[in-house]
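Numbering (the numbering used here), first residue to last: 13 to 210.
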């Protein structure tokens, strides 16, 4: 990289000469540095240094990550389901958030663990209370789309202090839930970044 910084743009042959190596020996290293973003190559011109640090390259990579690459399957319940059944569903599906839809499968609300816990305190008959009584309703729900940058969704999760967000598709009648992004999805994305660099 120092040779390219000092003499760039410079051909692969010239770099190989300066290192007393063959072009074939050097080719894999140049390919790695180019794929990583430290160097750029132009035909008939040669290699040149991009000037980007590892931090800048990582930031560029993060900005390119999309929701659709990390979203998971949503757990959806009907707005008429009882609070008791919603608690059972949350437990069986091992999730922290349920997305509530109407009879046309359009998003109308979100149920968090906190909502269900709050509803279960007291002596109410949980099998008789529908979730639409206790859910957070539209339009107070943060949503995202599959082509949104993952970093923007992560910022919203932090800012709104929520565990999950529905990934939606806009229709003429409303939002259809097509996925979910959770803090766990964000952790998986973070781990995948580290593994990509290994």
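Note that the Cβ used here is the ideal one computed from N, Cα and C, for glycine as well.
Per-residue burial, residue i [other beta carbons within 10 Å of its own, 16 or more giving buried]
i, result
"residue 68", "exposed"
"residue 134", "exposed"
"residue 203", "exposed"
"residue 107", "buried"
"residue 206", "exposed"
"residue 16", "buried"
"residue 194", "buried"
"residue 122", "buried"
"residue 147", "buried"
"residue 103", "exposed"
Coil, strand or helix - residue i by DSSP
i, result
"residue 152", "coil"
"residue 90", "strand"
"residue 47", "helix"
"residue 10", "The structure shown does not extend to residue 10, since the chain spans only 13 to 210, so no value can be given for it."
"residue 37", "helix"
"residue 57", "coil"
"residue 187", "strand"
"residue 42", "helix"
"residue 205", "helix"
"residue 78", "strand"
"residue 24", "helix"
"residue 116", "coil"
"residue 141", "coil"
"residue 85", "coil"
"residue 193", "strand"
"residue 31", "coil"
"residue 101", "helix"
"residue 95", "helix"
"residue 199", "helix"
Cut-off 7 Å between Cβ atoms - residues of its own chain near residue i, not counting five sequence neighbours on either side
i, result
"residue 3", "Nothing can be reported for residue 3, as the shown portion of the chain is limited to 13 through 210."
"residue 197", "82, 83, 84"
Close-in-space but distant-in-sequence residues of the same chain around residue i (CB under 8 Å, 5 per side omitted)
i, result
"residue 28", "34, 35, 37, 38"
"residue 180", "119, 155, 156, 157, 187, 188, 189, 190"
"residue 94", "138, 139, 140, 141, 142, 143"
"residue 64", "49, 50, 72"
Same chain only: Cβ atoms within 6 Å of residue i, ignoring 5 sequence neighbours per side
i, result
"residue 124", "109"
"residue 105", "87"
"residue 53", "46, 59"
Distance cut-off 8 Å: residue i Cβ against heavy atoms of the ligand GTP
i, result
"residue 154", "Judged by which ligands are present, the structure shown has none, so any question about the ligand GTP falls away."
Stretch-stretch touch, CB-based, cutoff 8 Å, three pairs: the stretch 159–169 with the stretch 69–79 = Yes: at least three Cβ pairs fall under 8 Å.
query = Within the chosen definition, does the stretch 136–151 reach the stretch 38–50 through at least 3 CB pairs nearer than 8 Å?
reply = Touching, no.
request  = Decide if the stretch 86–97 is in contact with the stretch 148–159; the criterion is three or more beta carbon pairs, one per stretch, under 8 Å apart.
outcome  = no
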